[in-house]
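Comments concern the structure below.
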Amino acid sequence: MTTTLHEEREQLSERTFDIACDRLLDLVCLAAEGGTDTAPAGQRATVEAAIRPHVRQHACEPDLDVVAIARALGWSVRCVQQVLREAGTTARDLIRRERLDLARARLAGGSWAPHSIAQIAYSCGFASHASFATAFRSEFGMTPSAARRGTA
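Going by this note's numbering, the residue at position 76 of the sequence shown is 76; the numbering climbs one at a time, nothing skipped.
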């Protein structure tokens with residue numbers, strides 16, 4: 001993690017670099033105390049509170065995954081996974097839900113009316129129209145076309 005932080009220093013803002021250094025120091029202290037690569041109980045709510053808005057803000061990025069979340073927030077993948085598991089979800093499910101909510105809003109919004117459903121799916125980070133349609137129907141009980149028409 002130290003090596004990665006050093007290598008990516010130029011790509012990080014000063015604030016992001018400081019946050020990452022703080023998280024790294026927390027992990028070093030945990031290791032020195034015989035701790036594990038998990039979020040301290042008192043910090044789990046803080047970690048979760050950082051994860052959710054980050055996912056919401058970056059949901060459209062097709063390469064968003066647990067590794068990208070952990071790297072951006074300065075926590076280990078294992079820590080992020082543990083915090084989300086304790087919150088009753090996974091990074092994959094959280095990302096999927098944010099993308100679906102965004103797609104549903106775009107399907108209902110007038111500004112996205114000229115765009116095809118496939119374009120909306122891709123703009124929300126889905127890799128294919130088919131995977132989007134399947135996930136949308138599973139989540140909302142209707143097809144994207146029905147959602148666009150405003151019918152159930």
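Where a beta carbon is used, it is the ideal one built from N, C-alpha and C, also for glycine.
Scanning T134, G141, S13, V83 for the CA closest to the CA of T46 turns up V83.
Secondary structure of L94 (DSSP, three-state): helix. Counting along the chain, F140 sits inside the alpha helix (DSSP H) bounded by residues 129 to 140. Burial check for A70: the Cβ neighbour count within 10 Å reaches 16 or more, so the residue is buried. Secondary structure at H6: helix, using DSSP grouped into helix, strand and coil.
Judged by their CB atoms, I51 and L73 are nearer to each other than the 8 Å cut-off.
Under the three-state reduction of DSSP, C60 is assigned to coil, being neither helix nor strand. Closest option to V77, judged by alpha-carbon separation, among R85, E86, V67: V67.
A133 and H115 have their C-alpha atoms some 15 Å from each other.
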